[in-house]
Structures are given as structure tokens and as C-alpha cells.
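Below: the structure, in C-alpha cells.
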Amino acid sequence: MDNKNNVINIAYCTDANYLEYVAVSIMSVIMNNPEQDLSFFVFVYDVTDEEINKLRSTSDKIQVINIDKEEIEKYNNDFAIKHLNRSTYMRLAVPRLLKDTVERFYLLRCRYPVF
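Residue numbering for the sequence shown follows numbering that gives the first Met the number 0, starting at 0 and increasing by one per position.
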């Protein structure tokens with residue numbers, strides 16, 4: 000389990016459409032917290048290896064975790080609410096997927112830039 004040295008763990012869930020915004024958000028957190036020990040977990044779905052490598056090159060504090068299609072599909076069958084999208088199902092899976100890795104984490108969302 001992490002969190003020994005006051006590490007702040009931050010998780011994101013995204014597909015290729017919002018990966019750029021996640022990268023900007025991560026860089027903003029890093030730049031605005033220079034003394035803080037940070038760790039980022041980026042859960043991705045339908046993202047190319049090239050895009051993943053580009054994100055990883057942004058910072059060595061980033062861990063990218065691919066969400067399998069089966070992980071998303073199992074939620075589709077369990078819920079009657081059909082207007083929920085993949086990112087909602089991804090966010091539901093994150094606590095279970097991180098439970099043996101970190102004690103606590105913040106789950107941030109990146110949707111649209113604000114100008």
C-alpha cells in the first residue's frame with residue numbers, strides 16, 4: 000500500500016477523446032504543487048499505444064492502466080440505466096482496481112477546458 004510518505008494519489012478515467020485534457024490537468028497539478036509527492040493513475044479505454052506513450056512521456060509520476068473491454072461490458076449487463084457511458088463504468092471499477100495498490104486516492108474528471 001502507498002500513502003506512507005504523504006503521497007497524493009490521483010486517478011483519472013478517459014478514452015482517446017479526453018486524453019489531452021487529462022495530460023493538461025496532470026501537468027497543472029504537478030506545476031502547482033512542486034513540493035508535493037504525487038502519483039497519477041490514468042485508466043484508459045480505447046487509446047492507442049502511441050497515445051499512451053505520449054502521455055507517459057509527460058511525467059514519470061504517471062501510471063497508465065488499460066481497462067479491458069470485458070470490464071466495461073459487465074457493467075452494461077448489470078444496470079438498467081442505459082444512458083450511462085463508458086467513463087461512468089470505468090469510474091465504478093477504479094476503487095476495486097486500486098484497492099491493493101493505494102490506501103486512498105482522489106478521482107478527478109477532465110471534460111472540457113475552461114477559458
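Even for Gly, the Cβ is constructed at its ideal location relative to N, Cα and C.
How about residue i and residue j: are their beta carbons less than 8 Å apart?
| i | j | result |
| --- | --- | --- |
| TYR11 | CYS109 | yes |
| LEU54 | ALA15 | no |
| LEU18 | GLU49 | no |
| LEU64 | LEU107 | Here residue 64 is Ile; the residue named in the question, Leu, does not match the sequence. Going by C-beta atoms, ILE64 is not nearer than 8 Å to LEU107. |
| SER58 | ILE25 | yes |
Select from the options the residue whose C-alpha is nearest the C-alpha of residue i.
| i | options | result |
| --- | --- | --- |
| ALA92 | ILE25, VAL41, GLU50 | VAL41 |
| VAL6 | GLN35, MET30, TYR20, MET26 | GLN35 |
Can you tell me whether residue i is helix, strand or coil according to DSSP?
| i | result |
| --- | --- |
| SER38 | strand |
| ASP14 | strand |
| ASN5 | coil |
| ILE51 | helix |
| VAL101 | coil |
| ASN32 | coil |
Counting only the same chain and skipping the five closest in sequence on each side, list residues whose C-beta sits under 8 Å from that of residue i.
| i | result |
| --- | --- |
| ASP1 | Only weak support is given to the placement of ASP1: the predicted model assigns it a pLDDT of 48, under 50, and the question is left unresolved by the model. |
| THR47 | ALA15 |
| ILE29 | LEU37, SER58, LYS60 |
Take residue i and list the residues in its own chain whose beta-carbon comes closer than 6 Å to its own, dropping the five residues that flank it on each side.
| i | result |
| --- | --- |
| ILE66 | PHE42, TYR44, MET89 |
| ARG105 | According to the sequence displayed, residue 105 carries Tyr and not Arg. ILE9, listed in sequence order. |
| SER86 | CYS12 |
| ILE71 | ARG85, TYR88 |
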